[in-house]
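Residue numbers for the sequence shown follow my numbering, beginning at 4 and rising by one.
Every residue, glycine too, gets a C-beta built ideally from N, C-alpha and C.
Before any comments, here is the structure.
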Amino acid sequence: MASPPLVYAGLTLVIALIGGLIPIWSNKNEDLDKLKILTGIAAGVIIGSAMLVVIPEGFELTTSENHEEIGESHIESLILGGAILSGFVMMLILEGSGIGHAVHEEHHDHDHSHGHKHVHHGPTGWILLLGLTLHAATDGLAIGAAAASGGITVTASVTLAVLIHKAPAAFSLGVFSMHERDERKDSIRDVIIFSLATPLMIMVAFYSLADLDSYTIGLLMLFSGGTFLYVATVDILPDIHNPETGKKALIYVLSGIAILTAVLFAMELLDLGTMH
4 MASPPLVYAG
14 LTLVIALIGG
24 LIPIWSNKNE
34 DLDKLKILTG
44 IAAGVIIGSA
54 MLVVIPEGFE
64 LTTSENHEEI
74 GESHIESLIL
84 GGAILSGFVM
94 MLILEGSGIG
104 HAVHEEHHDH
114 DHSHGHKHVH
124 HGPTGWILLL
134 GLTLHAATDG
144 LAIGAAAASG
154 GITVTASVTL
164 AVLIHKAPAA
174 FSLGVFSMHE
184 RDERKDSIRD
194 VIIFSLATPL
204 MIMVAFYSLA
214 DLDSYTIGLL
224 MLFSGGTFLY
234 VATVDILPDI
244 HNPETGKKAL
254 IYVLSGIAIL
264 TAVLFAMELL
274 DLGTMH
């Protein structure tokens with residue numbers, strides 16, 4: 004059995020708490036340019052992680068054993084592709100149902116209305132918290148599944164993608180919660196709930212998947228790859244489609260992909276990919 008991913012769980016908890024509490028305690032919620040840069044780079048890292056690590060690893064795990072019960076190869080391809088699609092569609096359904104994960108644009112609207120009374124969205128604050136928490140849980144599932152597979156390169160790269168995305172997501176939640184909640188303690192509660200989701204799911208997924216066959220773990224990684232692709236594209240598409248920010252956003256995304264690619268090559272050169 005692989006070692007419990009306690010370090011990864013601890014890192015996700017600390018990064019989320021720091022990112023979420025900074026705007027609550029310091030009221031530093033005006034530097035949206037830096038947030039956009041970090042979001043763009045995070046999107047690139049997530050796309051790279053999904054395409055270079057999570058999905059290939061999922062395919063490798065699902066094809067590492069003979070599964071005659073699946074039948075013909077084209078049926079198997081549909082199942083594997085369907086696992087990726089189901090992760091993407093699940094996030095799409097949540098977003099379309101109002102249980103979205105992104106609050107970046109939401110708090111942008113607030114920041115442009117200085118001097119006016121804040122408009123509270125009633126249950127929307129709770130719905131967005133739920134959406135972010137569910138998304139954080141899927142991050143934990145991806146890391147937990149990677150850790151259960153035993154590969155250090157896979158687990159570390161997935162965790163890197165999650166960590167880089169966690170900071171702007173937590174920061175945005177902190178800013179949004181400060182506008183939505185009447186008291187600071189309520190905003191802190193929101194950040195804590197969000198911050199705990201990923202590390203808790205990491206441990207639950209790791210121990211739940213540790214005794215399962217590689218095929219099942221592979222399917223779950225493919226599912227996680229689908230959620231990664233959705234999150235990355237949805238986070239950055241608004242800026243990409245905006246003529247004023249499109250070129251810069253593209254540079255940030257490509258930078259994120261380049262960063263992850265460099266990290267993966269460095270880890271391979273250090274032979275970390277063969278360690279378990």
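If you reduce the DSSP assignment to three classes, tell me which class S100 lands in.
Three-state DSSP puts S100 in coil, outside helix and strand.
Per DSSP, what kind of secondary structure is A213 in: helix, strand or coil?
A213: coil per DSSP, three-state reduction.
Considering A265, what are the terminal residues of the alpha helix (DSSP H) in which it resides?
Where A265 is concerned, the enclosing alpha helix (DSSP H) stretches over 249-272.
Using 8 Å as the threshold, is the segment 14-33 in touch with the segment 188-196, meaning 3 or more CB pairs across them?
Enough Cβ pairs lie closer than 8 Å, so yes.
Out of L41, V57, Y233, L95, which has the shortest C-alpha to C-alpha gap to L225?
Out of L41, V57, Y233, L95, V57 has the C-alpha closest to the C-alpha of L225.
Which term fits F231, buried or exposed, when burial requires 16 or more other beta carbons within 10 angstroms of its beta carbon?
When all chains shown are included, F231 counts as buried.
Any chance you could list the beta strand (DSSP E) runs of at least 3 consecutive residues sitting entirely within the segment 143-167, in chain order?
As far as the segment 143-167 is concerned, it has no whole beta strand (DSSP E) run of at least 3 residues.
Give the DSSP-derived three-state secondary structure of T15 in the structure shown.
It is helical.
Please identify the residue among A164, V256, S180 whose C-alpha is closest to the C-alpha of G143.
Answer by Cα proximity: A164.
Given a cut-off of 8 Å, decide if A148 and A53 are closer than it, judged by their beta-carbon atoms.
Their beta carbons are not under 8 Å apart, which means A53 does not touch A148 by this criterion.
Please classify H138: is it buried, with 16 or more other beta-carbons within 10 angstroms of its beta-carbon, or exposed?
H138 is buried by the Cβ-count criterion.
Rounded to whole angstroms, what's the CA-CA distance from V48 to V266? Just pull it up for me.
If I take the Cα positions, the gap works out to 10 Å.
Do you know offhand how far M94's Cα is from P202's?
Spanning the two alpha carbons is a distance of roughly 20 Å.
Would you mind working out which of S211, F268, L55, Y233 sits nearest G90, comparing C-alpha positions?
Among S211, F268, L55, Y233, the Cα nearest to that of G90 is on Y233.
Taking the C-alpha atoms as reference points, what is the distance between A145 and N245?
Distance between the alpha carbons of A145 and N245 is about 31 Å.
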